[in-house]
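Engineer: Encoded as structure tokens, here's the structure I'll be asking about.
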Amino acid sequence: MSALRAVLFDMDGTLVDTEETWVEVVERVAARHGHALVGAGRRAVYGRSVEDTAEMLYEPLGAERAALAAELGEGFAARLAEGAEPRPGALRLLSALRRDGVPTALVSASPRAVVDRVAASLDGHRFDAVYGAEDTPRTKPAPDPYLAAARALGAEPAQCVAVEDTVTGVTSAEAAGCAVLAVPSVEPIAPARGRTVLASLEEADLALLRSLISTG
31 MSALRAVLFD MDGTLVDTEE TWVEVVERVA ARHGHALVGA GRRAVYGRSV EDTAEMLYEP
91 LGAERAALAA ELGEGFAARL AEGAEPRPGA LRLLSALRRD GVPTALVSAS PRAVVDRVAA
151 SLDGHRFDAV YGAEDTPRTK PAPDPYLAAA RALGAEPAQC VAVEDTVTGV TSAEAAGCAV
211 LAVPSVEPIA PARGRTVLAS LEEADLALLR SLISTG
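Printed below as a string of structure tokens:
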């Protein structure tokens with residue numbers, strides 16, 4: 031029977047309350063270009079990287095791709111300049127994992143500069159590996175960042191629990207072969223084989239995380 035080797039955390043909307051902040055940044059940038067981000071267009075940016083969002087929007091906005099990505103990244107970094115509010119239960123769960131010696135990784139689709147800034151604000155927690163959007167050939171929803179994080183911690187993906195809040199992130203983690211704990215922040219996520227859904231990280235503990243590996 032496999033044992034839990036590592037826990038791989040998404041950042042925005044999972045550990046810190048920033049997913050809605052990101053969408054608001056995209057909305058403001060779109061508005062500056064004369065475009066309203068609503069409905070499916072708004073939902074499409076949840077969990078997406080700066081580059082992916084720029085790729086989706088540069089044509090509708092009539093903007094140059096690289097310039098749009100820079101505008102989005104700078105806007106998001108400015109909003110998070112003083113850190114971000116931890117999600118309920120996040121710091122308690124991180125502390126429990128550290129006390130028990132379970133390695134952790136931060137796996138985000140945000141720019142690395144933003145990831146490093148937010149990671150440093152999480153009550154002194156030190157992750158064993160940190161990945162931002164630029165650190166793998168492809169970012170979420172591709173499996174690359176979760177595969178890289180598991181490899182960095184010396185674990186097989188199937189021995190890792192990925193903690194995510196969006197469909198984009200869940201898709202990435204499941205494609206890598208991780209067990210998934212989903213804690214939706216802005217969009218519903220349905221339970222599925224290999225995927226457990228909770229309303230909050232306050233409901234999660236080490237026993238639950240271990241059971242996700244042992245039960246498959």
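If you want my numbering, it's the 1-based position in the sequence shown plus 30. Backbone N, C-alpha and C define an ideal beta-carbon position, used for all residues, glycine too. Source: prediction; values computed, not measured.
1) Output needed for Val59: all residues of its chain with C-beta closer than 7 angstroms, excluding positions within five of it in sequence on either side, in chain order.
2) For the structure I just gave you, are there three or more beta carbon pairs, one from the segment 188-198 and one from the segment 69-83, closer than 8 angstroms?
3) Once you ignore the five residues that flank Ala180 on each side, which residues in its own chain have a CB closer than 6 angstroms to its CB?
4) Let me know if Ser230 comes out buried or exposed under the rule of 16 or more other beta-carbons within 10 Å of its beta-carbon.
5) Between which residues of its own chain and Pro90 is the CB-CB distance below 7 angstroms, once the five residues before and five after are set aside?
6) Taking the CB atoms as reference points, tell me whether Asp146 and Leu121 lie closer together than 8 angstroms.
7) Leaving aside the five residues before and after Arg117 along the sequence, list all residues of the same chain whose C-beta is less than 7 angstroms from its C-beta, in chain order.
8) What residues match up with Leu211 in a beta bridge as DSSP calls it?
Structural biologist: Result, derived from the coordinates:
1) Cβ neighbours of Val59 beyond the five flanking positions: Glu101, Leu102, Gly105.
2) Contact between the segment 188-198 and the segment 69-83 is present, because at least three Cβ pairs lie under 8 angstroms.
3) Excluding its 5 nearest sequence neighbours in each direction, Ala180 has C-beta neighbours in its own chain below 6 angstroms: Pro187, Cys190, listed in chain order.
4) Exposed: under 16 other Cβ atoms inside 10 Å.
5) Closer than 7 angstroms at the Cβ level, and outside the excluded window around Pro90, lie His65.
6) Inclusion of Asp146 and Leu121 in the CB contact set at 8 angstroms is not warranted, their separation being larger than that value.
7) For Arg117, where only same-chain residues beyond five positions count, the Cβ hits under 7 angstroms are Thr44, Leu45, Val46, Asp47, Leu231.
8) DSSP, once it has assigned bridges, lists Val193, Thr226 as partnering Leu211.
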